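There are 2 protein chains.
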Amino acid sequence: MGVTTKDSHKQHISQQFNAELSELKNHLLVMGGVVEKQVSEAVEALVKGDGGLADSVLNRDEDVNRLELMIDEECTQVIAKRQPTASDLRLVMSVAKMVSDLERMGDEASKVAKMALKLSEEGEAPRGYVEVRHMGENVSRMVRDALDCFARFDTEKAIAVIKEDKSVDNEYRTATRSLVTFMMEDPRSISRILSVMWVLRALERIGDHACNIAEHVIYMVKGKDVRHISVELAEKAIEGRR
Amino acid sequence: MGVTTKDSHKQHISQQFNAELSELKNHLLVMGGVVEKQVSEAVEALVKGDGGLADSVLNRDEDVNRLELMIDEECTQVIAKRQPTASDLRLVMSVAKMVSDLERMGDEASKVAKMALKLSEEGEAPRGYVEVRHMGENVSRMVRDALDCFARFDTEKAIAVIKEDKSVDNEYRTATRSLVTFMMEDPRSISRILSVMWVLRALERIGDHACNIAEHVIYMVKGKDVRHISVELAEKAIEGRR
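As you go down the protein sequences, you meet chains B and X in turn.
Numbering-wise (full-length UniProt numbering), the first sequence opens with residue 1 and increments by one.
Numbering-wise (full-length UniProt numbering), the second sequence opens with residue 1 and increments by one.
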């Protein structure tokens with residue numbers, strides 16, 4: 001309206017601040033989207049023996065790294081300029097943590113892609129593809145759900161992701177055990193089966209990082225740190241009757 | 001002196017702030033000390049087949065977790081109350097990142113301790129102890145050095161840690177390759193050799209986290225983010241002629 005009063009100045013500042021926070025949030029979701037794609041394509045590359053797709057996953061690792069640096073810088077900037085407190089500060093600190101989890105997920109996806117390349121050169125492993133496909137689907141869904149929780153500040157869904165992680169861990173143990181048995185029966189396949197085992201391990205780790213993101217969402221929304229406690233206690237914490 | 005002037009009030013606040021920052025730093029070093037011990041004792045437990053020592057490593061995992069929660073909370077508090085900027089803010093943000101690396105190192109040490117227990121029950125693996133001992137020594141030194149860089153804000157030493165990580169990665173690859181060959185020759189040892197391979201992988205990961213800490217120290221001291229660049233570029237960055 002042409003007139004700048006102290007109030008309208010304040011309002012302007014707070015609008016800008018909100019815009020910066022939602023930009024930060026969006027950037028994390030963009031990075032999450034790239035990582036989600038990395039994970040599902042790395043699994044696809046392995047299962048289909050598609051070396052080209054594995055290459056494209058490896059090439060996109062740089063994008064993930066660049067986004068990590070950018071978002072970390074944004075977190076520091078927003079704190080320095082806006083001095084957020086309470087839930088705004090929790091958002092920024094959680095983003096700074098989640099960005100590390102996303103970067104690690106991207107790294108693990110790259111490991112899967114490298115194993116996909118290795119197997120496409122050495123020839124298929126005789127076992128383990130069913131397990132990779134199945135765990136890959138579960139873990140991809142966990143990643144998607146964890147990002148969804150963050151986008152919607154949805155703590156109920158966050159709890160579901162934490163629960164899902166337990167079943168992925170079980171799946172991992174069962175799959176590994178049966179692959180070890182198979183290796184003993186067919187020692188010539190040891191090297192290729194080991195590649196599959198590294199893939200399963202990478203997927204299990206990706207699940208762990210999705211679980212970390214879910215825990216950060218709960219902290220961000222509820223102000224309660226639910227790391228290192230049982231899922232039952234975490235559930236109570238979000239209901240506020242700890 | 002009985003008289004409170006505005007200046008002495010300001011000075012008081014800034015003294016308190018400095019005290020809080022150095023407390024934060026000390027707490028990270030305390031956590032680092034616990035983790036360093038976890039790593040070296042887990043390796044010792046494995047190499048000596050000492051189940052009791054492995055148990056005590058596993059029991060101390062809780063301490064690491066508790067310190068993680070405490071330090072993260074302190075980081076948020078100090079930002080909310082003191083609104084640090086510039087190098088003070090970089091210190092706090094770096095501590096928030098390093099605390100996650102330390103916690104992961106503690107987790108990996110626990111994995112080593114679990115494998116030590118497993119092997120002390122199943123019987124020794126026929127190979128791999130020399131490699132575990134050697135990599136264990138190198139990685140323990142990296143952890144100690146990374147914490148030292150942080151304590152002294154020593155970017156030169158940080159570069160040395162980053163370089164050391166490359167040689168640990170090479171060591172890991174060589175050791176893994178020779179263990180795979182051995183497995184093929186003696187399939188009955190597969191399960192026990194695999195345990196040793198998981199241990200080597202855990203040690204390799206611990207080295208990665210030490211390297212991350214070194215990178216954060218450089219960011220903290222120089223304000224330059226040297227993640228995802230070559231060690232040569234990192235060296236130039238600390239000399240300020242990038």
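The beta-carbon is built from N, C-alpha and C at its ideal position, and this holds for glycine as well.
Since this is a predicted model, take the numbers as computed values, not measurements.
For this session: Grab me the residues of Glu171(B)'s own chain with a C-beta within less than 8 Å of its C-beta, minus the 5 sequence neighbours each way, in chain order.
Result: What you label residue 171(B) is simply residue 171 of the first sequence in a count that begins at 1. Correct list, in chain order: Glu131, His134, Met135 and Asn138.
Problem set entry | Inter-residue CB distance, Met105(B) and Val39(B) (contact presumed, cutoff 8 Å) | Residue mapping note: residue 105(B) aligns to position 105 of the first sequence, counting from 1. Residue mapping note: residue 39(B) aligns to position 39 of the first sequence, counting from 1. With a Cβ gap of about 7 Å, Met105(B) and Val39(B) count as contacting.
For this session: Compare the C-alpha of Val92(B) against each of His27(B), Thr155(B), Cys211(B) and Glu36(B) and name the closest.
Result: For the purposes of this step, residue 92(B) is identified with residue 92 of the first sequence, where counting begins at 1. Nearest of His27(B), Thr155(B), Cys211(B) and Glu36(B) to Val92(B), Cα basis: His27(B).
Exercise. When the Cα of Ile193(X) is compared with those of Ala202(X), Ile213(X), Arg205(X) and Val180(X), which residue comes out closest?
Worked result: In the second sequence, residue 193(X) corresponds to position 193, counting from 1. The option with the nearest alpha carbon to Ile193(X) is Val180(X).
For this session: May I have the straight-line CA-CA distance separating Arg144(X) from Glu36(X), to the nearest angstrom?
Result: Within the second sequence, the letter at position 144 stands for residue 144(X). Within the second sequence, the letter at position 36 stands for residue 36(X). So the two alpha carbons sit approximately 7 Å from each other.
For this session: Give the residues of chain X in contact with Asp225(B), contact being defined as C-beta atoms less than 9 Å apart.
Result: Indexing the first sequence from 1 puts residue 225(B) at position 225. The answer, in chain order, is Leu69, Asp72 and Glu73.
For this session: Using three-state DSSP, classify Arg141(B) as helix, strand or coil.
Result: Here residue 141(B) refers to the residue found at position 141 of the first sequence. Assigned with DSSP and collapsed to three states, Arg141(B) falls in helix.
Exercise. So, is the C-beta of Thr174(X) closer than 9 Å to a C-beta in chain B?
Worked result: What you label residue 174(X) is simply residue 174 of the second sequence in a count that begins at 1. No, its Cβ sits nowhere closer than 9 Å to a Cβ of chain B.
Exercise. Over what stretch of residues does the alpha helix (DSSP H) that includes Val231(B) continue unbroken?
Worked result: Locating residue 231(B) in the first sequence gives position 231, where the first residue counts as 1. Segment Val231 to Glu239, the alpha helix (DSSP H) holding Val231(B).
Exercise. Val217(B): which of Lys157(B), Leu200(B), Gly207(B) and Met184(B) sits nearest, CA to CA?
Worked result: By one-based count along the first sequence, residue 217(B) stands at place 217. Checked all of Lys157(B), Leu200(B), Gly207(B) and Met184(B); the closest Cα to Val217(B) is Lys157(B).
For this session: Give a yes or no on whether the minimum CB-CB distance between Lys10(B) and chain X is below 9 Å.
Result: The residue given as residue 10(B) occupies position 10 in the first sequence. Cβ-Cβ to chain X under 9 Å: no for Lys10(B).
Exercise. If you draw a straight line from the alpha carbon of Val226(X) to that of Arg188(B), how long is it in whole angstroms?
Worked result: Here residue 226(X) refers to the residue found at position 226 of the second sequence. Here residue 188(B) refers to the residue found at position 188 of the first sequence. Val226(X) and Arg188(B) have their alpha carbons spaced roughly 43 Å apart.
Exercise. Does DSSP put Phe153(X) in a helix, in a strand, or in coil?
Worked result: By 1-based counting over the second sequence, the position of residue 153(X) is 153. Here DSSP, grouped into helix, strand and coil, assigns Phe153(X) to coil.
Exercise. By how many angstroms is the C-alpha of Leu117(B) removed from the C-alpha of Val30(X)?
Worked result: Along the second sequence, read from residue 1 onward, the residue named residue 30(X) stands at position 30. Along the first sequence, read from residue 1 onward, the residue named residue 117(B) stands at position 117. Separation of Val30(X) and Leu117(B) (C-alpha to C-alpha, rounded to the nearest whole angstrom) is 43 Å.
For this session: Would you please state the rounded distance, in angstroms, between the beta carbons of Val112(X) and Ala202(X)? I believe it to be under 8 Å.
Result: Against the second sequence, residue 112(X) aligns to sequence position 112. Against the second sequence, residue 202(X) aligns to sequence position 202. At roughly 5 Å, the Cβ-Cβ gap stays under 8 Å, so Val112(X) and Ala202(X) are in contact.
For this session: Note the first and the last residue of the continuous alpha helix (DSSP H) segment covering Ser189(B).
Result: As a working note, residue 189(B) is residue 189 in the first sequence. It is not in any alpha helix (DSSP H) - Ser189(B) carries neither H nor E in the DSSP assignment.
Problem set entry | Sequence-distant residues of its chain with Cβ nearer than 6 Å to Gly128(B) (five each side left out) | To locate residue 128(B), count along the first sequence from 1; it is residue 128. Cβ neighbours of Gly128(B) beyond the five flanking positions: Leu179 and Val196.
Exercise. Between Lys163(X), Asp186(X), Gly223(X) and Trp198(X), which lies nearest to Thr176(X) when the distance is taken from Cα to Cα?
Worked result: The residue labelled residue 176(X) in the question sits at position 176 within the second sequence. Selected option, being the one with the closest Cα: Trp198(X).
Problem set entry | Cβ-based neighbour list, Val57(B), same chain, cut-off 7 Å, excluding 5 preceding and 5 following | Translated into positions along the first sequence, residue 57(B) becomes position 57. In its chain, beyond the 5 residues on either side, Gln38, Glu41, Ala42, Ala45, Ala109, Ser110 and Ala113 have a beta carbon closer than 7 Å to the beta carbon of Val57(B).
Problem set entry | Alpha-carbon to alpha-carbon, Ala54(B) and Glu121(B) | Taking the first sequence and counting its residues from 1, the one referred to as residue 121(B) is at position 121. Taking the first sequence and counting its residues from 1, the one referred to as residue 54(B) is at position 54. CA-CA distance, Glu121(B) to Ala54(B), rounds to 12 Å.
Exercise. Taking C-beta to C-beta, are Gly207(X) and Met142(X) nearer than 9 Å?
Worked result: As a working mapping, residue 207(X) is identified with position 207 in the second sequence. As a working mapping, residue 142(X) is identified with position 142 in the second sequence. Judged by beta-carbon spacing, Met142(X) lies within the 9 Å limit of Gly207(X), meaning their Cβ atoms are closer than that value.
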